[in-house]
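Read through the structure below, which is laid out as structure tokens, and then see the notes.
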Amino acid sequence: MEINLLPVLNYDGRKMVISEDVEISASPNDNFKFNTPVHFEGYALNIGGTIELKGSATASISIMCDRCIEFYDENISYDIFERYKKEDNISDTDSDDITPLEGSVIDLDDILYMGLILNLPSKSLCSDDCKGLCPVCGANLNHSDCNCSDDNTDPRFDILDKLL
Ligand SMILES: [Zn+2]
Ligand SMILES: [Zn+2]
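The sequence shown runs contiguously to residue 271 in the working numbering.
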């Protein structure tokens, strides 16, 4: 979704409220999918010629569990803060995090997608006590116990058995 910053672009101190639901597709390489559009609630504000885009984004995503590799739903929310300046007005003293603006349009899809990627949980677990997969047969131990552990009894018990 494109947002046209024209209403605030040339007016110091002017603010425009942005409240949008943005339909975004995850890339095929991502370990998550979007269940809902990303809701963005925020504003663009002109501060001395620099446009600040600020707000919060929320979405429900379906993400792969690190342990059992099944998808589970997670509500995610994250902050957006970006700064823009008209390309012609950028000077050497401006900080690197200011994005030069060629026209007046920014792409909210990209901003929200990149924001999500940066804010994904470093560890995703379907539940804190997810049992994961059996390292031998690959069964999902949350759904069923496999029989592999029977074959891996501690050899010390064999000795005990013999003694008895
Ligand atoms: Zn899991
Ligand atoms: Zn197993």
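Just so you know, even glycine gets a beta-carbon here, dropped at the ideal spot from N, CA and C.
None of these values were measured; they are calculated from a predicted model.
- Cβ-heavy atom distance between residue 254 and ligand 2 below 8 Å? Position 147 of the sequence shown, counted from the start, is the residue given in the question as residue 254. Yes, the beta carbon of residue 254 sits closer than 8 Å to at least one heavy atom of ligand 2.
- With hydrogens ignored, establish whether the beta-carbon of residue 177 is closer than 8 Å to any heavy atom of ligand 1. Indexing the sequence shown from 1 puts residue 177 at position 70. Checking every heavy atom of ligand 1 against the Cβ of residue 177, one is found closer than 8 Å.
- Spatially closest choice to residue 189 from 114, 203, 227, by CA coordinates: To locate residue 189, count along the sequence shown from 1; it is residue 82. The shortest CA-to-CA distance from residue 189 to any of 114, 203, 227 is the one to 203.
- Message: Rounding to the nearest angstrom, what Cα-Cα distance links residue 193 and residue 251 in this structure?
- Response: The residue you call residue 193 lines up with position 86 of the sequence shown. The residue you call residue 251 lines up with position 144 of the sequence shown. Distance between the alpha carbons of residue 193 and residue 251 is about 59 Å.
- Return the bridge partner residues of residue 212 from the DSSP annotation. For the purposes of this step, residue 212 is identified with residue 105 of the sequence shown, where counting begins at 1. Note: residue 212 sits in a beta bridge opposite 111.
- Item | For residue 168, three-class secondary structure by DSSP | Numbered from its first residue, the sequence shown carries residue 168 at position 61. Looking at residue 168 - three-state DSSP - the assignment turns out to be strand.
- Message: Three or more C-beta pairs under 8 Å: does that hold for the segment 197 to 212 against the segment 221 to 239?
- Response: No, the segment 197 to 212 is not in contact with the segment 221 to 239.
- Length of the line joining the Cα atoms of residue 123 and residue 173: In the sequence shown, residue 123 corresponds to position 16, counting from 1. In the sequence shown, residue 173 corresponds to position 66, counting from 1. Taking the straight line from one Cα to the other gives about 40 Å.
- So what does DSSP say about residue 118, is it helix, strand or coil? Within the sequence shown, residue 118 is the residue found at index 11, counting from 1. Residue 118: coil per DSSP, three-state reduction.
- Among 166, 191, 170, which has the Cα closest to the Cα of residue 229? By one-based count along the sequence shown, residue 229 stands at place 122. Checking every option, the nearest Cα to that of residue 229 belongs to 170.
- Task: Using 10 angstroms around the beta-carbon of residue 160, count the other beta-carbons present and answer buried if the total reaches 16, otherwise exposed.
- Result: As a working note, residue 160 is residue 53 in the sequence shown. So residue 160 ends up on the buried side.
- Message: Is any non-hydrogen atom of ligand 2 found closer than 8 Å to the C-beta of residue 239, if you look at the structure I gave you?
- Response: The sequence position of residue 239 within the sequence shown is 132, counting from 1. No, Cβ of residue 239 sits at least 8 Å from all heavy atoms of ligand 2.
- Whole-angstrom distance between residue 146 and residue 253, CA atom to CA atom: Within the sequence shown, the letter at position 146 stands for residue 253. Within the sequence shown, the letter at position 39 stands for residue 146. Computed Cα separation, rounded: 42 Å.
- Give the C-beta separation of residue 125 and residue 162 to the nearest angstrom, bearing in mind that I take them to be a contact with Cβ-Cβ under 8 Å. Translated into positions along the sequence shown, residue 125 becomes position 18. Translated into positions along the sequence shown, residue 162 becomes position 55. So it is a contact: roughly 7 Å between Cβ atoms.
- Task: Give the DSSP bridge partners of residue 146, in chain order.
- Result: Reading the sequence shown from its first residue, position 39 is the one you call residue 146. Its beta-bridge partners are 128, 165.
- Message: Checking 9 Å against the spacing of the C-beta atoms, do residue 158 and residue 208 come in under that value?
- Response: Translated into the one-based positions of the sequence shown, residue 158 becomes position 51. Translated into the one-based positions of the sequence shown, residue 208 becomes position 101. Note that the C-beta distance between residue 158 and residue 208 is below 9 Å.
- Task: Can you tell me which of the three DSSP states residue 196 falls into?
- Result: As a first step, residue 196 must be located in the sequence shown, where it is residue number 89. Three-state result, residue 196: helix.
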